[in-house]
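Since the structure comes first, as structure tokens, the remarks are kept for the end.
2 protein chains.
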Amino acid sequence: MINEKMKKLGVSRSTIRELFEYGKKLKAERGENYVFDYSLGNPSVAPPDAVNLGIASLLENVRDVELHGYTSAEGDINTRRAIAKYISEAFSAPASYEYVYMTAGAAGALVSVLGALTNENETVIALAPYFPEYKVFVERNGARLKPVMCKANDFTPDVDALDAAIDESVAAVIVNSPNNPTGAVYSEDDIKNLASLLERKSKQYGKPIYIIADEPYRELVYDGKEVPFIPNYYNNTVVCYSYSKSLSIPGERIGYAFVSPRADDAKTVMRAICGAGRALGYVCAPSLLQKLVPSCIGKTSDIKLYEENRRMLYEALTSYGFDLVYPSGAFYLFLKSPTGDAKEFSETAKKYGLLLVPSDDFGCEGYVRIAYCQSPDMILRSLPYFEKLVGEYKKESKNN
Amino acid sequence: MINEKMKKLGVSRSTIRELFEYGKKLKAERGENYVFDYSLGNPSVAPPDAVNLGIASLLENVRDVELHGYTSAEGDINTRRAIAKYISEAFSAPASYEYVYMTAGAAGALVSVLGALTNENETVIALAPYFPEYKVFVERNGARLKPVMCKANDFTPDVDALDAAIDESVAAVIVNSPNNPTGAVYSEDDIKNLASLLERKSKQYGKPIYIIADEPYRELVYDGKEVPFIPNYYNNTVVCYSYSKSLSIPGERIGYAFVSPRADDAKTVMRAICGAGRALGYVCAPSLLQKLVPSCIGKTSDIKLYEENRRMLYEALTSYGFDLVYPSGAFYLFLKSPTGDAKEFSETAKKYGLLLVPSDDFGCEGYVRIAYCQSPDMILRSLPYFEKLVGEYKKESKNN
């Protein structure tokens, strides 16, 4: 019998994907130049040369049956070693290949890690606003997602709210900094406060509460900000990383889960992640991409372009009178709806060809997300339409 | 809290993977030339030139942000169209891109389709012996796997046994022909008999019982045998296909699920598959590989090499006195344990460096699986060790 839950997930789709598909249709109707698709975090900045050069070199130099063959379920040993070496050098953190599990992107890492660390009826806390698929991934395993709102002024963690929200049922807290959708980057103090709260709560309930650090935007930070490496502050941490954004290869599905060797039962956690990946049908992460990683590690696309997009949009939108928080990382702006109604605002924006994701699915009302990983040209052309959009609300408030 | 079920799955590993890892260690100890790893279905025959040429051409001709970017969750539209066209031409079956969902290999297809078509406490029948991961994939969703043994003489479906086994709880039957692990290829009559049984049972219980046709070995058939395309015989069929074996690219994780447009509620089934894939964290199948498919469709590795391996092994093993069924497809031989104990036989074989997978995990006792997708050179060198192995049992039976 058709599974009703899966049917619903397939029919409803994610709001982001829905808007993305709508955008494709709208472009066919109105023409490419009259649709400004800010829906999807699909990088527009070219991958670094190392990506295509690396693939070409693998095609040239590695025997093809080996290159395209199965790797171990955990991943290619050389790739895992290269990642462990990078982690220990870049973050001065203990690491070894035994704690690196290659995955099909951060999503593959998250579902495997959630599968490993949660049980039916346990709770996973997400700092809201949060990436909507967290809910889908958490509920798949029979656990519950509990959103805890960040501070409204800068969208950093509200430790008091967390303190009040964590009960015995909490298995893990998902931390996503640089944040999607707000662009907030949590400071070292934020992480220290969070760590000390979770240590206290773990002690109180006599079990580890894990941090699942979802870090696909780790390298996308501006204004010289630093992203603290959470395993250096909290032992029971599993990092979910993806090369999707740093290398502009989101479609290729390559990332990893890294269990801090300092975690309680780190090896058992690692084995449970492997088991969860197995049950999910993840035989191994794509082999060509796995083998590409060592030559691309630490490299990124030209992030300056995102920084420039951010400046251009932030300055224009604030000058038009929009209310938005200054983002320090990722490639998202979180824009307040003039009426406080996110869906209405997103619908009105569509009239101007502006595709902005309403915040409701992010576990937060009254905002839209703008993914500014688009071409500067598109952003520039979209500005007059943003101005018209805000004008509509100014008119309204005058008329009222 | 660490999920015990996932921990167990991760610690126990699949028997096949376990043996593969053991083989890697043994090679390091004894030397490459003294270990004959027949464990894993990892093709040894080079991919057709079209694979590496196709990748090189994509790198050359497609804008890199597009090439490596997200596709729709269902997959790249051109790829889905090319697959639908191929299905309708090669099998004279109705097909359209709307019923093709690109996946990370057949495993990704199977978990998504099982997620879509099964519910807690429902039953999925596997024709035994069956690929062991079916059990993991089925149980993940809270359903039960019920093995129904094939006929012992040729490992084709036993329709009477199926008739007796199917009750109201059965949601689907997994059909895997050419078969892993037996190499059996089901005839048109086998499929017709199965279809008519399932039509009768569906009517009786007032709900569709689906066939999930797991077909990664579709092209690997010998002696001019034909593999019937099941959607032409049974409407409620979903095909799970992978390019892993046909193109010798198992590590790359590329395949698809195809819902027969003639299935009841075909569109809803398709949406439920998308929903299940979403919950499993399958954002999209690897984009470079998706885009490679149209230029490789219908091409295969040089299958003659497998056919030659099969002949060489089959002739040698039967001449030594082993008991085995003549296989018509895939790249597996299913060898009877001389004592009827599969595990003991597999352990004894290890002494001779022969890695043979015991059949117990395939839902069938007393056999080992030999994956002959290895180099002809390795197979040739292994033959004296098979002879010594059988000698050990002859000695024993003399002594007894």
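For the protein sequence lines, the chains are A and D, in the order given.
102 is the number that numbering that gives the first Met the number 0 gives to position 103 of the first sequence; each next residue is one higher, with no gaps.
161 is the number that numbering that gives the first Met the number 0 gives to position 162 of the second sequence; each next residue is one higher, with no gaps.
Where is the CB? At the ideal position from N, CA and C, for every residue including glycine.
Computed from a prediction, not measured in an experiment: that's the story for all the values here.
Query                                                                                                                    : Result
PRO146 (chain D), enclosing beta strand (DSSP E) - first and last residue                                                : 143–148
Straight-line Cα distance separating PHE257 (chain A) from PRO93 (chain A)                                               : 11 Å
Exposure of MET269 (chain A), with buried meaning 16 or more beta-carbon neighbours within 10 Å                          : buried
Cross-chain neighbours of LYS303 (chain D) in chain C, by beta carbon under 9 Å                                          : The structure shown contains no chain C; the protein chains it does contain are A and D.
Nearest neighbour of ILE302 (chain A), chosen from A:PHE330, A:ASP166, A:LYS150 [CA to CA]                               : A:PHE330
Buried/exposed call for ASP157 (chain D), threshold 16 Cβ in 10 Å                                                        : buried
Where VAL61 (chain D) meets chain A, residues with beta-carbon distance less than 9 Å                                    : Residues of chain A passing the Cβ test: none, with the nearest at roughly 10 Å.
Where the beta strand (DSSP E) through ALA275 (chain D) begins and ends                                                  : That residue, ALA275 (chain D), is in no beta strand (DSSP E); its alpha helix (DSSP H) goes 265–278.
Neighbouring residues, chain A, relative to ASN118 (chain D) (Cβ below 7 Å)                                              : MET0, ASN2
Contact list for ALA51 (chain D) against chain A, beta-carbon separation under 8 Å                                       : In the sequence on display, residue 51 (chain D) carries Asn and not Ala. Those are LEU58, ASP63, listed as they occur along chain A.
7 Å CB neighbourhood of SER87 (chain D) in its chain, flanking five on each side removed                                 : PRO93, ALA94
Chain D within 8 Å of ILE82 (chain A), Cβ atoms only                                                                     : no
Any C-beta of chain A under 8 Å from that of LEU279 (chain D)                                                            : yes
Limits of the beta strand (DSSP E) - the one that TYR213 (chain D) falls within                                          : At residue 213 (chain D) the sequence reads Asp, which differs from the Tyr that was named. Here the beta strand (DSSP E) through ASP213 (chain D) covers 209–213.
Beta-carbon separation (whole angstroms), ASN140 (chain D) vs ASN118 (chain A), contact threshold 8 Å                    : Incorrect: roughly 16 Å between the Cβ atoms, too far for contact.
Inter-residue Cα distance where the pair is THR236 (chain A) and PRO260 (chain D)                                        : 46 Å
Cutoff 8 Å: PRO131 (chain A) Cβ touching any chain D Cβ                                                                  : no
Close beta carbons around LYS393 (chain A), own chain, < 8 Å, minus the five adjacent residues each side                 : GLY320
The beta strand (DSSP E) enclosing LEU39 (chain D), as first and last residue numbers                                    : Neither: LEU39 (chain D) is in no beta strand (DSSP E) and is coded neither H nor E.
Inter-residue Cα distance where the pair is ILE15 (chain D) and GLY22 (chain D)                                          : 11 Å
Residues bridged to GLY362 (chain D) [DSSP beta-bridge criterion]                                                        : According to DSSP, GLY362 (chain D) bridges with nothing at all.
Under 9 Å by beta carbon: chain D residues contacting ASP360 (chain A)                                                   : In chain order: nothing, as chain D lies at least about 13 Å away.
Touch test, the region 47–55 of chain D against the region 73–85 of chain D, Cβ-Cβ under 8 Å, three pairs minimum        : no
Near-chain D residues of the region 236–262 of chain A - C-beta to any C-beta below 7 Å                                  : SER247, ILE248, PRO249, GLY250, GLU251, ARG252
TYR185 (chain A) in three-state terms, based on DSSP                                                                     : coil
Reference LEU18 (chain A); option with closest CA among A:GLU391, A:ARG368, A:SER381                                     : A:ARG368
Exposed unless 16 or more other CB atoms sit within 10 angstroms - verdict on VAL184 (chain D)                           : buried
Reference PHE228 (chain A); option with closest CA among A:LYS145, A:LEU196, A:TYR85, A:LYS350                           : A:TYR85
Own chain partners of ARG79 (chain D) with C-beta closer than 6 Å, once the 5 adjacent residues on each side are dropped : TYR96, VAL99
Contact with chain A by LYS6 (chain D), beta-carbon distance below 8 Å                                                   : yes
ILE272 (chain D) and GLY114 (chain A) closer than 8 Å at C-beta                                                          : no
DSSP-derived helix/strand/coil call for MET377 (chain A)                                                                 : helix
Where VAL135 (chain D) sits in the DSSP three-state scheme                                                               : helix
Min CB distance GLY9 (chain D) to chain A below 8 Å                                                                      : yes
Beta-carbon proximity of PRO46 (chain A) to SER300 (chain A), cut-off 8 Å                                                : yes
Under 9 Å from the C-beta of LYS206 (chain D): neighbouring residues of chain A                                          : MET0
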